[in-house]
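Before any comments, here is the structure.
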Amino acid sequence: MRKEYDKMDIGLLHLENKKVILKLIKHENEISRSAIAKKSGLTPPTITRIVNDLILNDKLVERLGLGDSSGGRPPLIVKFKNTSNHVIGIDLGATYIRGCLVDLNANFISEIQVPTELEKGFESIVEKIVAIVAKLRKRKGPDEKIWGIGIGVAGLVNSETGIIESSPDFGWSNIDLRKELDKRLDLPFFYDNSTRLMALGELKMGIRENQKNFVVINIGYGIASGIVAEGNLLKGYNGFAGEFGHISVDPDSDVQCKCGMYGCLEALASGHRIASLGIQELENNRSEMLKELSGGNKDLITAELVANAALKGDKTSLEIFDKIAEYLCKGIGVIANLLNPETVYIGGGISLNEGLLFKLIEEKKKKYLLQSNLKVQILPATHGDQATSIGAVALILNKIMNLELR
Ligand SMILES: [Zn+2]
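So the sequence shown is numbered by the numbering used here: it starts at 4 and just counts up by one.
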């Protein structure tokens with residue numbers, strides 16, 4: 004019995020040491036074996052064995068040659084092999100499905116975007132994902148490897164079962180996406196809620212390194228958040244943490260949310276709300292600019308169009324954004340006072356409006372933030388409209404670095 008335990012311990016130890024060395028090589032990009040020894044505290048024979056394993060079997064590391072010697076034997080330099088290793092990221096949204104092929108440094112090799120066409124149903128959406136993956140696979144070189152596919156889904160994803168329990172954007176409830184994709188994809192794939200992946204992308208591939216406490220708010224046709232606390236992505240008991248859109252910001256409101264409650268932030272400040280307020284103003288004949296930009300057609304009024312009108316100085320559209328910013332600040336106040344984040348990132352379609360919303364939020368935030376939290380920075384998400392795709396990539400990259408994929 005004792006011997007078996009020893010064998011198991013050695014296996015685990017090898018795996019843990021391998022993770023340490025791989026992370027070190029990726030972090031440094033190029034490093035000598037002697038520097039690995041210095042930084043990891045591992046012995047030279049262990050390092051040689053593990054580095055060879057990473058070069059020959061995992062193909063995640065390559066030999067770069069000999070470095071400069073300061074007398075004695077010149078050091079052997081190894082490098083993280085990012086360019087011939089790839090990951091596919093998919094952003095499964097209700098308007099578009101976006102797919103990207105990236106290398107392990109998140110450099111984009113290829114991107115595809117197709118309309119989701121919700122009306123064609125679940126089967127058609129699954130087919131589109133499969134077709135995007137097939138096209139992206141053709142764009143890699145013959146000796147290059149795709150490690151896996153990460154997918155961000157707009158909806159409540161149960162992190163244990165993988166069941167999409169509800170997605171108002173898609174009109175889905177209790178959808179087993181895993182079962183359907185399992186039949187059609189022969190690469191490992193993983194998915195999670197799109198906003199949580201935006202937060203993961205920000206954590207692993209954002210411009211600010213070493214941020215351990217921040218929140219990403221995703222404002223599109225709904226509102227959600229991804230929370231990073233003490234360096235960890237918060238999932239909650241069932242994996243549903245971060246439903247920021249359903250905090251009440253106006254208990255007296257008669258606007259009903261998709262969830263059934265009244266006065267939710269999502270019901271009062273999402274892209275959908277901006278568009279519907281724009282339509283109301285058009286119908287009440289209160290904005291010449293909205294009329295001009297839409298040609299009087301209410302079906303053409305989108306949040307983006309109202310933002311454009313506001314940026315051109317339309318008073319009515321500016322009032323709409325002012326109201327939206329007020330509700331968002333109330334929400335941000337709750338989250339900032341509760342969690343004391345370093346940064347609140349805002350992503351999603353709304354964040355792309357040339358700073359209009361950010362300016363309004365800056366003006367209003369002190370009404371809702373404790374003095375001690377006023378230093379919180381409110382910034383656009385690092386990766387703009389690629390934030391979910393990058394997060395989906397980060398999901399797979401994380402698994403590669405933890406040696407969970409082969
Ligand atoms: Zn709600």
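The C-beta atom is built at its ideal place from N, Cα and C for all residues, glycine as well.
If you're wondering where the values come from, they're calculated on a predicted model, not measured in any experiment.
Residue interval of the beta strand (DSSP E) (run including residue i)
i, result
"T51", "That residue, T51, is in no beta strand (DSSP E); its alpha helix (DSSP H) goes 47-56."
"K148", "148-156"
"R409", "Note, R409: premise wrong, no beta strand (DSSP E); not H, not E."
"V379", "Careful: V379 lies outside any beta strand (DSSP E) and carries neither H nor E."
"L59", "Note, L59: premise wrong, no beta strand (DSSP E); not H, not E."
"F111", "111-118"
"I167", "167-170"
"I100", "99-106"
"I93", "88-95"
Unbroken alpha helix (DSSP H) run spanning residue i, endpoints
i, result
"S127", "125-141"
"E366", "359-367"
"S37", "36-43"
"G394", "390-404"
"D448", "No statement about residue 448 is possible, as the shown extent of the chain runs from 4 to 409 and does not include it."
"L271", "268-272"
Distance between beta carbons of residue j and residue i, contact taken as under 8 Å
i, j, result
"L285", "K261", "So it is not a contact: roughly 23 Å between Cβ atoms."
"D325", "L363", "6 Å"
"G266", "S251", "5 Å"
"G281", "I323", "6 Å"
"G274", "T198", "14 Å between Cβ atoms; not a contact."
"I135", "I93", "7 Å"
"T119", "I100", "5 Å"
"L342", "I353", "Going by Cβ atoms, the distance from L342 to I353 rounds to 21 Å, so no, they are not a contact pair."
"E233", "N213", "Not a contact, Cβ separation roughly 12 Å."
"A97", "L121", "6 Å"
"H89", "K143", "6 Å"
Selection from the options that minimises the alpha carbon distance to residue i
i, options, result
"N439", "I115, S279, Y99, I91", "Because the chain is modelled from 4 through 409, residue 439 falls outside the range shown and cannot be assessed."
"S43", "L59, I53, I24, T198", "I24"
"S176", "V219, Y99, I167", "I167"
"K367", "E329, L180, A339", "E329"
"L398", "S354, T319, M201", "M201"
"I50", "L408, I28, K62", "I28"
"D257", "A270, H249, F247, V218", "A270"
"R36", "T305, L268, R66, F247", "R66"
"S127", "L180, M404, N221", "L180"
"E130", "D146, N161, L95", "L95"
"C332", "G14, L237, I381, F125", "I381"
Closer than 7 Å: residue i CB and nearest ligand 3 heavy atom
i, result
"C332", "As presented, the structure is devoid of ligand 3, carrying ligand 1 as its sole ligands."
* Contact between the stretch 78-88 and the stretch 32-52: three or more CB pairs below 8 Å? -> Flag = yes, the stretch 78-88 and the stretch 32-52 touch.
* Asked: Is the stretch 187-200 touching the stretch 149-159 in the sense that three or more CB pairs, one from each, lie closer than 8 Å?
  -> The answer is yes - the stretch 187-200 touches the stretch 149-159, with three or more Cβ pairs under 8 Å.
* Using 8 Å as the threshold, is the stretch 342-350 in touch with the stretch 204-224, meaning 3 or more CB pairs across them? -> Contact annotation: the stretch 342-350 touches the stretch 204-224, with at least three C-beta pairs closer than 8 Å.
* For the stretch 283-344, list the alpha helix (DSSP H) runs that are entirely contained and at least 4 residues long, ordered along the chain. => Runs of the alpha helix (DSSP H) inside the stretch 283-344: 291-297, 306-314, 318-342.
* Please determine if the stretch 209-227 and the stretch 153-173 are in contact, where contact requires at least 3 C-beta pairs separated by less than 8 Å. => As far as the Cβ criterion goes, the stretch 209-227 touches the stretch 153-173, which means the pair count is three or higher.
* To do: Please specify which runs of the alpha helix (DSSP H), each continuous and at least 4 residues long, are wholly inside the stretch 189-250, giving them in chain order.
  => Runs of the alpha helix (DSSP H) inside the stretch 189-250: 197-208.
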